[in-house]
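At position 175 of the sequence shown (counting the first as 1) the number is 178 in the working numbering, and the numbers step up by one without a gap.
The next block holds one structure in the form of structure tokens; read it before the comments.
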Amino acid sequence: MDSVKHFLQFKDFSRAQFDYLFARAAWIKAQFKAYRKYWPLSDRTLVMIFEKASTRTRLSFEAGMQQLGGSAIYLNSRDSQLQRGESVEDAAQVISRMSDVVMIRTFEQALIERFAANSRVPVINGLTNEYHPCQIVADIFTFIEHRGPIQGKTVAWIGDSNNVCNTWLQAAEVLDFKVHVSTPPGYEVEPARAGLRSALHYEEFSDPLEATRNSDLVTTDVWTSMGFEAENEERRRDFADWQVGPDMMRVARPRALFMHCLPVHRGEEVAAAVIDGPQSVVWDEAENRMHTQKALLEYLLLGHVDVSSDVAKSDS
Ligand code: CP
Ligand code: NVA
């Protein structure tokens with residue numbers, strides 16, 4: 004099962020693979036917008052396992068798989084035997100004999116790694132406590148659509164050094180850009196947990212305004228991620244000075260964009276004036292989850308596709 008390609012964290016793919024994925028996502032998006040059928044995955048089945056809530060991830064994978072001619076099955080831990088103690092290894096053996104690709108949203112990254120080690124088919128990380136790689140593929144595709152290549156640019160991350168932040172940091176290493184991170188004391192980046200190779204692609208700032216200065220993209224996320232609800236009140240106090248407001252957007256570059264993976268708490272991590280303002284591209288960002296994940300599904304199942312003839316060929 005070692006030869007199966009998985010997408011468990013951002014750094015699983017190279018810059019060349021992302022360049023290919025972004026080009027395919029643009030082509031697949033254009034087919035969708037023109038109401039042209041593109042069914043390369045007919046008879047293929049995606050199984051989606053959710054141990055945490057989701058709107059965008061479920062919808063974008065399910066709709067995306069259907070639009071590629073395949074089908075998607077939703078499992079949640081409440082209704083499956085996983086909740087009752089069936090081992091992840093056994094579940095992976097069984098699920099991967101009945102499907103062509105699996106997407107998992109869960110708590111510990113270790114669980115998804117164990118599942119992948121026992122899966123005959125590709126496994127996609129749909130969010131863990133540590134990473135959210137599909138989100139950042141969509142975010143960077145959105146940046147490219149609006150502003151061109153991200154190489155050499157500066158992204159300001161304001162708030163919690165969570166799964167989305169860790170994935171931005173990995174992306175900066177793979178795609179060669181910089182991240183300016185500002186977190187409250189006690190919530191700093193943990194390089195090993197983030198899976199970083201070096202400290203060359205990010206810089207930490209105690210003042211969020213300084214982190215945003217001259218940045219090309221300002222982004223943030225909820226102060227309390229799923230699974231950490233017990234810390235909610237404490238985090239509300241600790242993060243109070245880390246709200247992205249118009250003051251921060253003013254010191255960013257004039258053409259800076261604002262992104263948020265959603266769902267958002269307006270008035271906490273970001274002011275309504277910013278997320279609902281002219282620099283915000285959050286709806287494009289959400290929509291692009293679907294287009295980029297369709298490219299990912301196509302790539303994991305069919306390898307490189309010969310676009311000129313629309314004939315899918317395997318590159319393995
Ligand atoms: N951004 C994101 O992953 O949203 P959901 O939690 O709704 O899937
Ligand atoms: N950091 C958030 C992202 C939700 C899409 C969480 O893990 O809850």
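For each residue, glycine too, the CB sits at the ideal point set by N, CA and C.
According to DSSP, simplified to helix, strand and coil, what is residue i?
{"i": "residue 93", "result": "helix"}
{"i": "residue 278", "result": "helix"}
{"i": "residue 18", "result": "helix"}
{"i": "residue 134", "result": "coil"}
{"i": "residue 200", "result": "coil"}
{"i": "residue 54", "result": "coil"}
{"i": "residue 79", "result": "strand"}
{"i": "residue 74", "result": "strand"}
{"i": "residue 309", "result": "strand"}
{"i": "residue 109", "result": "coil"}
{"i": "residue 295", "result": "helix"}
Which whole-angstrom value describes the C-beta separation of residue i and residue j, a residue pair presumed to lie in contact below a C-beta threshold of 8 Å?
{"i": "residue 214", "j": "residue 185", "result": "4 Å"}
{"i": "residue 60", "j": "residue 129", "result": "5 Å"}
{"i": "residue 222", "j": "residue 160", "result": "6 Å"}
{"i": "residue 63", "j": "residue 229", "result": "Their Cβ separation, rounded to whole angstroms, is 17 Å, which puts residue 63 and residue 229 out of contact at 8 Å."}
{"i": "residue 71", "j": "residue 51", "result": "Not really, about 14 Å apart at Cβ, beyond 8 Å."}
From which residue to which residue does the beta strand (DSSP E) around residue i run?
{"i": "residue 9", "result": "Premise fails: residue 9 is in no beta strand (DSSP E) and is neither H nor E."}
{"i": "residue 184", "result": "181-185"}
{"i": "residue 223", "result": "220-223"}
{"i": "residue 159", "result": "157-161"}
{"i": "residue 261", "result": "260-263"}
{"i": "residue 127", "result": "126-128"}
Between residue i and residue j, is the Cβ-Cβ spacing less than 9 Å?
{"i": "residue 111", "j": "residue 133", "result": "yes"}
{"i": "residue 219", "j": "residue 259", "result": "yes"}
{"i": "residue 115", "j": "residue 299", "result": "no"}
{"i": "residue 152", "j": "residue 245", "result": "no"}
{"i": "residue 274", "j": "residue 249", "result": "yes"}
Where residue i and residue j are concerned, what is the direct C-alpha to C-alpha distance, given to the nearest angstrom?
{"i": "residue 7", "j": "residue 262", "result": "33 Å"}
{"i": "residue 265", "j": "residue 45", "result": "31 Å"}
{"i": "residue 255", "j": "residue 10", "result": "32 Å"}
{"i": "residue 101", "j": "residue 202", "result": "42 Å"}
{"i": "residue 14", "j": "residue 55", "result": "23 Å"}
{"i": "residue 122", "j": "residue 85", "result": "15 Å"}
{"i": "residue 23", "j": "residue 43", "result": "17 Å"}
{"i": "residue 92", "j": "residue 99", "result": "11 Å"}
{"i": "residue 39", "j": "residue 25", "result": "19 Å"}
{"i": "residue 164", "j": "residue 180", "result": "18 Å"}
Could you please give the first and the last residue of the uninterrupted alpha helix (DSSP H) stretch that includes residue i?
{"i": "residue 240", "result": "235-241"}
When you compare the CB of residue i with every CB in chain D, is at least one pair closer than 9 Å?
{"i": "residue 268", "result": "No chain D is present in this structure, which holds just one protein chain."}
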